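Going down the list, the protein sequences come from chains A and B. To convert, note that position 179 of the first sequence is 187 in my numbering; the numbers rise steadily by one, no gaps. To convert, note that position 42 of the second sequence is 59 in my numbering; the numbers rise steadily by one, no gaps. Yeah, the Cβ is synthetic: ideal placement off N, Cα and C, and Gly gets one too. All of these numbers come straight from a predicted model, not from anything done at the bench. Read through the structure below, which is laid out as structure tokens, and then see the notes.
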Amino acid sequence: MTAAPPIRLTGLVKRFGPLTAVDGVDLTIERGEVVALLGPNGAGKSTSIDLALGLARPSGGTAELFGGAPRDAVVAGRVGAMLQGGALLPTTTVAESVALVAAAHRHPLPVAEALERAGVTAFAKQKVGRLSGGQLQRARFAVAIVSDPELLILDEPTAAMDVEGRRAFWASMRELTGTGRTVVFATHYLEEADASADRVVMMRRGRVVADGTPAEVKAVVAGRTLAFALRRPVDGFDDRLRALPAVQLVDARADRLRIATTDSDAVLRLVLAERADAHDVEVAARTMDDAFLALTTAPAEESR
Amino acid sequence: MNPRYVLLEAGRQLRNVRSLVFTFVVPIAMLLIFGTAYGANGAIDHALRLPWVVETTVQMGGYGAMMAGLSQAFAIVNERAIGWNRQLRLTPLTGLVYLASKIVAALLIAAVAITAVVLVSVLALHAHLGAAAWFAAGAGLWIGIVPFALIAILIGQFAPPDFAQPLFMVTFLGLSILGGLWVPLSILPAWMSDVARAMPSYWLNRLGQLGAAGSWDVLAPIAVLAAWTVVLAALITWRYRRDAARA
Chain A
9 MTAAPPIRLT GLVKRFGPLT AVDGVDLTIE RGEVVALLGP NGAGKSTSID LALGLARPSG
69 GTAELFGGAP RDAVVAGRVG AMLQGGALLP TTTVAESVAL VAAAHRHPLP VAEALERAGV
129 TAFAKQKVGR LSGGQLQRAR FAVAIVSDPE LLILDEPTAA MDVEGRRAFW ASMRELTGTG
189 RTVVFATHYL EEADASADRV VMMRRGRVVA DGTPAEVKAV VAGRTLAFAL RRPVDGFDDR
249 LRALPAVQLV DARADRLRIA TTDSDAVLRL VLAERADAHD VEVAARTMDD AFLALTTAPA
309 EESR
Chain B
18 MNPRYVLLEA GRQLRNVRSL VFTFVVPIAM LLIFGTAYGA NGAIDHALRL PWVVETTVQM
78 GGYGAMMAGL SQAFAIVNER AIGWNRQLRL TPLTGLVYLA SKIVAALLIA AVAITAVVLV
138 SVLALHAHLG AAAWFAAGAG LWIGIVPFAL IAILIGQFAP PDFAQPLFMV TFLGLSILGG
198 LWVPLSILPA WMSDVARAMP SYWLNRLGQL GAAGSWDVLA PIAVLAAWTV VLAALITWRY
258 RRDAARA
């Protein structure tokens, strides 16, 4: 049986004292998926990754890799990872670092091949302490792939890279993942999730708040929030707005309506045409938090 | 066990020259200073019936070898602080193999440190001793550092990063001075010789001296060093199991 999914998190909870870092995460990632874990700092992305890899013990729920204990997958070399705070020794060269980790694995790639695949051959003989931020991330990537893993977990792999470095990194990533590898990467760049993932899982405050294709996520984030007040009673006008295809969410509170929409121009025209009593109109670009909210509450949301 | 990893780790440490200054350079410098001061004109320590210069060589060889063991504490604390351990935890390597690799690294570096001290002593200070006696002295010092590597591992396991440095300094100064590795005990106050007998560093030195003197009266040093080894290994294993259960 090889059908077990690379990652299955069930009711996962992690508490640190009074802080609940991961608050009931259910998530299954299938073979060959490239999944972006998107969310602000402190959303629980890194803690979820630690739990999935067996580096931390859950306070509740279970984390499984390939249908078994995370440690078994690690021992078998089926999972490679670039972690936050998992750094290389500064006095060691890139090639030595990769060779050390390769020696710890049972069936590693030849060191030269791992260096080549990660695109670090040019600076393989340099000491880790002398690398630029982007080079360091690529060196860590070489270490992550040396066991030739089926599942790659990358926690903010492009942190400290400039735009050009980021582009180059994802280009070499795509070459690697062309062969049906499963990849999960954490990021707080929406563009990165959009460009490189075929599924986006959004986390906030330790929970999965949205799970869909990048197109779905982007549509919501690209939208705007329209708000206005009415002098006369709402009188079913909120339902009229909800029926519009471009409207994702309508929140009616007292005399004030807030509308999440992908076409604020059209909605605004309709509002002004039909309700002469509309005033105090605001149109604002959506923040990431609004996007999360819209995604979780919109009835049209397609969750997997 | 994973011999390939263990050897690579030892080789890596040996190439990291900067961190080895205290293991190689300081003992040799002290040998040149003290060896000339006490060992001039082939003076003999009548208590041990060894030339002073040979005694100083054994002391400094022991000191360098001890540093090779103790400095593993730095390696471990550093690697933990940097997060290299987290990277290694994503491999099949077990924590015990990781610790074993530190002991092997300590032994390899100690072998180099002892050899360097003896060579300097013979070439620069013209210390006179038969090859077999030099070998016996070096082998005694070399095997005797196992408890020091274990002390280092214990510091690495217990000390929070910012406390590791002072703890290391206290341990290292205490073992060096009280064990008589820097200054011969015979010229220190009598009460210090009593303290010294509880120190593994004293017995490390003694093992080297007996080797140099060609004596087989090694039961006491071996018993004391073995006792330290057993107690330290038990503490390390206990702590390791507790950490593993918590993870």
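9 Å Cβ cutoff, residue i in contact with chain B
i, result
"R114(A)", "yes"
"T99(A)", "yes"
"F149(A)", "no"
"E121(A)", "no"
"A84(A)", "yes"
"V87(A)", "yes"
"S155(A)", "yes"
"E104(A)", "yes"
Neighbour flag for residue i against chain A, beta carbons, 9 Å
i, result
"Y257(B)", "no"
"S36(B)", "yes"
"L31(B)", "no"
"L25(B)", "yes"
"L116(B)", "no"
"L171(B)", "no"
"L125(B)", "no"
"N222(B)", "no"
"L110(B)", "yes"
"E96(B)", "yes"
Straight-line gap, residue i to residue j (C-alpha atoms, nearest Å)
i, j, result
"A292(A)", "G231(A)", "9 Å"
"P14(A)", "R106(B)", "19 Å"
"L73(A)", "L59(A)", "11 Å"
"P44(B)", "I50(B)", "10 Å"
"A213(B)", "G142(A)", "53 Å"
"D273(A)", "R23(A)", "45 Å"
"K133(A)", "G28(B)", "16 Å"
"A237(A)", "G137(A)", "58 Å"
"R79(A)", "I153(A)", "17 Å"
"A181(B)", "P217(B)", "20 Å"
"W151(B)", "T73(B)", "13 Å"
"T111(B)", "N49(A)", "32 Å"
"L13(B)", "P109(B)", "The shown model of chain B, from 18 to 264, leaves out residue 13(B), and the question about it has no answer."
"F32(B)", "Y115(B)", "According to the sequence shown, residue 32(B) is Arg rather than Phe. Cα to Cα, R32(B) sits roughly 19 Å from Y115(B)."
"I267(A)", "G32(A)", "29 Å"
"A281(A)", "A235(A)", "16 Å"
"I172(B)", "A90(B)", "6 Å"
"T269(A)", "A251(A)", "12 Å"
"R269(B)", "S88(B)", "Past the edges of chain B, shown from 18 to 264, lies residue 269(B), and the structure says nothing about it."
"A111(A)", "P118(A)", "10 Å"
"L35(A)", "I120(B)", "42 Å"
"D163(A)", "I126(B)", "36 Å"
"G188(A)", "A150(A)", "18 Å"
"T246(B)", "P164(B)", "5 Å"
"V235(B)", "S140(A)", "55 Å"
Nearest-angstrom Cβ-Cβ length linking residue i and residue j, presumed shorter than 8 Å
i, j, result
"G228(B)", "G147(B)", "Incorrect: roughly 11 Å between the Cβ atoms, too far for contact."
"M83(B)", "L192(B)", "6 Å"
"A144(B)", "P201(B)", "Contact doesn't hold; Cβ gap of about 15 Å is too wide."
"A237(B)", "R66(B)", "With 8 Å as the limit, A237(B) and R66(B) do not qualify as a contact, their Cβ atoms being about 18 Å apart."
"M211(A)", "A51(A)", "4 Å"
"L167(B)", "Y257(B)", "Incorrect: roughly 12 Å between the Cβ atoms, too far for contact."
"D285(A)", "R240(A)", "5 Å"
Amino acids of chain B, ordered along the chain, whose beta-carbon sits closer than 8 Å to that of residue i
i, result
"L5(A)", "This structure cannot settle anything about residue 5(A), because the visible part of chain A is limited to 9 through 312."
Contacts that residue i makes with chain A (C-beta to C-beta distance below 8 Å)
i, result
"Y22(B)", "L108, A111 and A112"
Chain B contact residues for residue i, given Cβ-Cβ distances below 9 Å
i, result
"L96(A)", "I99, G100, W101 and Q104"
"L63(A)", "R103, R106, L107 and A264"
Cβ-heavy atom distance, residue i to the ligand COA, below 8 Å
i, result
"L108(A)", "Inclusion of the ligand COA in the displayed structure is not the case, the ligand content being empty and no account of it being possible."
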